[in-house]
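Engineer: Take the sequence shown: its position 174, counting from 1, is numbered 173 in numbering that gives the first Met the number 0, and each next residue is one higher. Backbone N, C-alpha and C define an ideal beta-carbon position, used for all residues, glycine too. So that we are looking at the same thing, I have put the structure below in structure tokens.
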Amino acid sequence: MNGEPAFDYLIVGAGFAGSVLAERLASVLGKKVLICDKRNHIGGNAYDHFDAAGLLVHKYGPHIFHTNSADVFNYLSKFTAWREYQHRVLASVDGQLLPIPINLDTINKFYGLNLTSREVDDFLDTVAEQRNPVRTSEDVVVNRVGQELYSKFFKNYTRKQWGLDPSELEAQVTARIPVRINRDDRYFTDQFQSMPRRGFTHMFENMLDHPNIKILLNCDYREVQDAFTFGQMIYTGPVDAFFDYRFGKLPYRSLEFRHETHDRERFQPAPVVNFPNDYAFTRITEFKYLTGQEHRKTSIVYEFPQAEGDPYYPVPQPANAKIYAQYRALADTTPGVHFVGRLATYKYYNMDQVVAQALTVFKNIAAAEAAGALSNGEIKPAATRTVGRNRVHNKPGRRPVLQPART
Ligand SMILES: Cc1cc2nc3c(=O)[nH]c(=O)nc-3n(C[C@H](O)[C@H](O)[C@H](O)COP(=O)(O)OP(=O)(O)OC[C@H]3O[C@@H](n4cnc5c(N)ncnc54)[C@H](O)[C@@H]3O)c2cc1C
Numbered sequence: 000m001n002g003e004p005a006f007d008y009l010i011v012g013a014g015f016a017g018s019v020l021a022e023r024l025a026s027v028l029g030k031k032v033l034i035c036d037k038r039n040h041i042g043g044n045a046y047d048h049f050d051a052a053g054l055l056v057h058k059y060g061p062h063i064f065h066t067n068s069a070d071v072f073n074y075l076s077k078f079t080a081w082r083e084y085q086h087r088v089l090a091s092v093d094g095q096l097l098p099i100p101i102n103l104d105t106i107n108k109f110y111g112l113n114l115t116s117r118e119v120d121d122f123l124d125t126v127a128e129q130r131n132p133v134r135t136s137e138d139v140v141v142n143r144v145g146q147e148l149y150s151k152f153f154k155n156y157t158r159k160q161w162g163l164d165p166s167e168l169e170a171q172v173t174a175r176i177p178v179r180i181n182r183d184d185r186y187f188t189d190q191f192q193s194m195p196r197r198g199f200t201h202m203f204e205n206m207l208d209h210p211n212i213k214i215l216l217n218c219d220y221r222e223v224q225d226a227f228t229f230g231q232m233i234y235t236g237p238v239d240a241f242f243d244y245r246f247g248k249l250p251y252r253s254l255e256f257r258h259e260t261h262d263r264e265r266f267q268p269a270p271v272v273n274f275p276n277d278y279a280f281t282r283i284t285e286f287k288y289l290t291g292q293e294h295r296k297t298s299i300v301y302e303f304p305q306a307e308g309d310p311y312y313p314v315p316q317p318a319n320a321k322i323y324a325q326y327r328a329l330a331d332t333t334p335g336v337h338f339v340g341r342l343a344t345y346k347y348y349n350m351d352q353v354v355a356q357a358l359t360v361f362k363n364i365a366a367a368e369a370a371g372a373l374s375n376g377e378i379k380p381a382a383t384r385t386v387g388r389n390r391v392h393n394k395p396g397r398r399p400v401l402q403p404a405r406t
């Protein structure tokens with residue numbers, strides 16, 4: 000433990016954010032990386048595994064990969080082959096299963112009409128309720144499709160999902176829900192829509208398969224940060240936890256997953272069926288659609304939204320944005336620690352967005368290293384700096400070492 004740090008980087012969290020950075024730092028810059036996760040597996044929320052029946056399932060609910068970024072897709076393609084997959088969702092409303100996002104068929108079946116694409120926009124104009132300004136999620140939807148579609152498809156689903164009425168949520172929550180005047184029933188329209196052919200976990204295994212990367216599971220970083228010396232930290236856990244909740248707890252919405260296996264080939268007529276108005280769960284996913292696996296049984300998962308539990312969805316409300324802004328300011332001025340990913344930046348990101356964010360952070364690190372190496376042949380020295388509960392000791396000509404503060 001004397002002299003040089005055992006690891007150049009300690010990476011907290013082995014999800015997309017942590018794994019992409021581990022891979023880049025090790026493969027491109029030759030850094031020694033220790034990546035730890037408090038769970039007993041890599042992959043973060045995208046983790047998948049074979050269940051007792053031998054069916055590939057997503058432990059933390061359905062994860063569908065879609066992106067418009069060729070850079071992100073090409074990067075991940077180094078670690079997996081793909082299976083093309085177009086996601087489809089039906090909503091169970093008034094005894095019918097109707098396409099979501101709302102399209103021409105949804106409107107025709109729901110209202111018992113026979114409108115054409117040309118007519119449907121005019122029809123929506125007659126039912127839509129002008130809201131000005133558009134501030135909340137309710138405003139967004141009512142403004143576009145009116146009260147009835149809003150009540151049957153969005154209102155109760157949102158209340159279940161967030162534990163809040165859409166009128167209490169920022170517009171961004173539903174701003175990205177499209178309404179289509181054609182019969183396109185794909186859930187996403189991104190350029191790249193594919194699932195890793197052998198699953199997400201297999202892809203993560205390939206990413207982390209590098210002699211410079213050591214993986215530590217079942218381990219909260221606070222348990223190991225004193226046991227190893229390291230240069231810098233990449234932190235992908237909740238930002239409020241890092242700073243010991245000093246500005247208060249950032250609220251998250253959580254989920255309970257109920258996994259089941261059924262002794263039949265198919266359970267439902269679509270990969271996901273939403274239940275906006277009935278039951279405590281929001282949706283049921285049947286994994287064989289996502290994975291393409293052939294099996295005489297089938298596995299499904301129910302999602303029950305709840306307040307307590309693992310942090311999954313940052314709650315987009317102005318009061319929370321204010322709290323986060325305080326943490327963000329602190330994070331920005333915390334040297335030696337990079338805050339990356341969904342929890343560390345308190346933002347709902349899809350997988351591709353987290354990969355893009357991690358690749359950008361990597362580029363910045365690489366550029367800073369190159370600049371430091373150019374200026375003095377090594378990394379720039381600095382005075383001793385405090386990092387959270389730790390202290391960074393920099394000596395000229397030596398990489399900074401993160402050590403526990405003596406308190
Ligand atoms: C139900 C659900 C469905 C989703 N579906 C999709 C989808 O279809 N498509 C899509 O693109 N995205 C989807 N997402 C989003 C996707 O899960 C995230 O974009 C992605 O997982 C974020 O990666 P991350 O690395 O930022 O965070 P995470 O995957 O959450 O990884 C962070 C890791 O840090 C670990 N950690 C936290 N604190 C500590 C600590 N103190 N010590 C050690 N380890 C710690 C955690 O255990 C976790 O494994 C979905 C998310 C959820 C919840």
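1. Among the residues of its own chain, which have a CB less than 7 Å from the CB of R130, if the five just before and after it don't count?
2. Does the distance from the CB of V360 to the CB of V336 come in under 7 Å?
3. Would the beta-carbon of T235 fall within 7 Å of that of A16?
4. Taking 6 Å as the cut-off, does the CB of A21 come closer than this to any heavy atom belonging to ligand 1?
5. What's the gap between the Cα of D351 and the Cα of K37?
6. Quick check: L96 and V119, are their CB atoms within less than 7 Å of each other?
7. Determine the DSSP secondary structure at P210, reduced to helix, strand or coil.
8. Identify the residues that DSSP records as bridge partners of F266: which are they?
9. Report the residue from F199, T344 and L163 whose alpha carbon sits nearest the alpha carbon of G407.
10. Taking only the alpha-carbon atoms, compute the straight-line gap between S166 and A127 and give it to the nearest angstrom.
11. May I ask you to list the residues that DSSP assigns as paired with H57?
12. Just the Cα atoms here: how many angstroms apart are R327 and T344?
13. Nearest CA to the CA of T407: which residue from F227, D262 and Q192?
14. Determine whether the beta carbon atoms of R254 and E302 lie at a separation below 7 Å.
15. According to DSSP, what are the bridge partners of V144?
16. Less than 6 Å separating the Cβ of F229 from some heavy atom of ligand 1?
17. Need the endpoints of the beta strand (DSSP E) that P334 sits in, please.
18. For D121, which of helix, strand or coil comes out of DSSP?
19. Could you check the C-alpha separation between H48 and F72 for me, to the nearest Å?
20. Whole angstroms is fine: what's the gap from G53's alpha carbon to A80's?
21. Cβ atoms of L215 and C35: under 7 Å apart, would you say?
22. Quick one: what's S253 bridged to in DSSP?
23. Around the Cβ of I378, are there at least 16 other Cβ atoms within 10 angstroms (buried) or fewer (exposed)?
24. Assuming R158 is part of the alpha helix (DSSP H), what are its boundary residues?
25. For a quick check, are the C-beta atoms of I283 and Y8 less than 7 Å apart?
26. Would you list the one or two residues that DSSP bridges to T66?
27. Distance check for I101 and T135, CA to CA, integer angstroms please.
28. Let's see if you can read the secondary structure: which residues bound the beta strand (DSSP E) around N107?
29. Quick one: does the C-beta of H40 sit closer than 6 Å to a heavy atom of ligand 1?
30. May I ask you to report which of helix, strand or coil DSSP gives P98?
31. Return the first residue and the last residue of the alpha helix (DSSP H) that L20 is part of.
32. Since V300 and H261 are thought to touch, with beta carbons under 8 Å apart, how far apart are those beta carbons, to the nearest angstrom?
33. Label R82 either buried or exposed according to how many other C-beta atoms from any shown protein chain fall within 10 Å of its C-beta, with 16 as the threshold for buried.
34. Mind the definition here: the region 18–33 touches the region 209–224 only if three or more C-beta pairs lie below 8 Å; say whether that holds.
35. Roughly how many whole angstroms lie between the Cα atoms of A355 and C218?
Structural biologist: Let's see:
1. For the purposes of this step, residue 130 is identified with residue 131 of the sequence shown, where counting begins at 1. Taking R130 as the centre and dropping the five residues before and after it, the same chain places the C-beta of D138, V141 and N142 closer than 7 Å to its C-beta, in chain order.
2. On the sequence shown, position 361 is the one that residue 360 refers to. On the sequence shown, position 337 is the one that residue 336 refers to. For V360 and V336, no; Cβs fall outside 7 Å.
3. On the sequence shown, residue 235 is found 236 positions in, with the first residue counted as 1. On the sequence shown, residue 16 is found 17 positions in, with the first residue counted as 1. For T235 and A16, yes; Cβs fall inside 7 Å.
4. Along the sequence shown, read from residue 1 onward, the residue named residue 21 stands at position 22. Not so, every heavy atom of ligand 1 lies at least 6 Å from the Cβ.
5. Indexing the sequence shown from 1 puts residue 351 at position 352. Indexing the sequence shown from 1 puts residue 37 at position 38. Separation of D351 and K37 (C-alpha to C-alpha, rounded to the nearest whole angstrom) is 23 Å.
6. Numbered from its first residue, the sequence shown carries residue 96 at position 97. Numbered from its first residue, the sequence shown carries residue 119 at position 120. In this structure, the beta-carbon distance from L96 to V119 does not fall below 7 Å.
7. For the purposes of this step, residue 210 is taken as residue 211 along the sequence shown, with counting starting at 1. The three-state reading of DSSP puts P210 in coil, since its state is none of H, G, I, E or B.
8. For this step, residue 266 is matched to residue 267 along the sequence shown. DSSP, once it has assigned bridges, lists no residue as partnering F266.
9. The structure shown has nothing for residue 407, since the chain only spans 0 to 406.
10. Residue mapping note: residue 166 aligns to position 167 of the sequence shown, counting from 1. Residue mapping note: residue 127 aligns to position 128 of the sequence shown, counting from 1. So the alpha carbons of these two residues sit roughly 16 Å apart.
11. Sequence index remark: in the sequence shown, residue 57 carries index 58 (1-based). DSSP output for H57 lists D47 as bridge partner(s).
12. On the sequence shown, residue 327 is found 328 positions in, with the first residue counted as 1. On the sequence shown, residue 344 is found 345 positions in, with the first residue counted as 1. Near 8 Å, if we compare the C-alpha coordinates of T344 and R327.
13. Nothing in the structure corresponds to residue 407, since the chain is present only between 0 and 406.
14. Here residue 254 refers to the residue found at position 255 of the sequence shown. Here residue 302 refers to the residue found at position 303 of the sequence shown. Looking at the sequence itself, residue 254 is Leu, so the reference to Arg does not match. Their beta carbons are under 7 Å apart, which means L254 touches E302 by this criterion.
15. Position 145 of the sequence shown holds residue 144. In the DSSP output, where bridge partners are listed per residue, V144 has none listed.
16. Translated into the one-based positions of the sequence shown, residue 229 becomes position 230. F229: no, Cβ never under 6 Å from ligand 1.
17. For this step, residue 334 is matched to residue 335 along the sequence shown. Where P334 is concerned, there is no enclosing beta strand (DSSP E), given that its DSSP letter is neither H nor E.
18. On the sequence shown, position 122 is the one that residue 121 refers to. Three-state DSSP puts D121 in a helix.
19. Along the sequence shown, read from residue 1 onward, the residue named residue 48 stands at position 49. Along the sequence shown, read from residue 1 onward, the residue named residue 72 stands at position 73. If you take the alpha carbons of H48 and F72, they lie about 22 Å apart.
20. Reading the sequence shown from its first residue, position 54 is the one you call residue 53. Reading the sequence shown from its first residue, position 81 is the one you call residue 80. Each residue's CA atom was taken as its position, placing G53 and A80 some 21 Å apart.
21. Counting from 1 along the sequence shown, the entry for residue 35 is found at position 36. Counting from 1 along the sequence shown, the entry for residue 215 is found at position 216. Against a cut-off of 7 Å, the Cβ pair of L215 and C35 comes out as a contact.
22. Here residue 253 corresponds to residue number 254 of the sequence shown, with the count starting at 1. When DSSP reads this structure, S253 sits in a beta bridge with Q305.
23. Against the sequence shown, residue 378 aligns to sequence position 379. For I378, the pLDDT reaches just 43, beneath the cut-off of 50, and the residue's location in the model is therefore unreliable, leaving the point undetermined.
24. Against the sequence shown, residue 158 aligns to sequence position 159. Start and end: N155 to W161.
25. As a first step, residue 283 is located in the sequence shown; it is residue number 284 there, counting from the start. As a first step, residue 8 is located in the sequence shown; it is residue number 9 there, counting from the start. Between I283 and Y8, the C-beta spacing is not below 7 Å.
26. Here residue 66 refers to the residue found at position 67 when the sequence shown is read from its first residue. Beta bridge pairing from DSSP links T66 with F191.
27. Against the sequence shown, residue 135 aligns to sequence position 136. Against the sequence shown, residue 101 aligns to sequence position 102. Roughly 19 Å between the two C-alpha positions.
28. Translated into positions along the sequence shown, residue 107 becomes position 108. N107 -> not in any beta strand (DSSP E); alpha helix (DSSP H) instead, spanning L103 to Y110.
29. By one-based count along the sequence shown, residue 40 stands at place 41. Remark: the C-beta of H40 is outside contact range of ligand 1, defined as less than 6 Å to any heavy atom.
30. The residue labelled residue 98 in the question sits at position 99 within the sequence shown. Here P98 sits in strand by DSSP.
31. Looking up residue 20 in the sequence shown gives position 21. If you look at L20, you'll find it in the alpha helix (DSSP H) that goes F15 to S26.
32. As a first step, residue 300 must be located in the sequence shown, where it is residue number 301. As a first step, residue 261 must be located in the sequence shown, where it is residue number 262. The distance from the Cβ of V300 to that of H261 is about 12 Å, inconsistent with a contact at the 8 Å cut-off.
33. Numbered from 1 along the sequence shown, position 83 holds the residue referred to as residue 82. Burial call: exposed.
34. Touching, yes, given that three or more Cβ pairs across the two stretches are closer than 8 Å.
35. Stepping through the sequence shown from its first residue, residue 355 is reached at position 356. Stepping through the sequence shown from its first residue, residue 218 is reached at position 219. Approximately 26 Å, taken between the alpha carbons.
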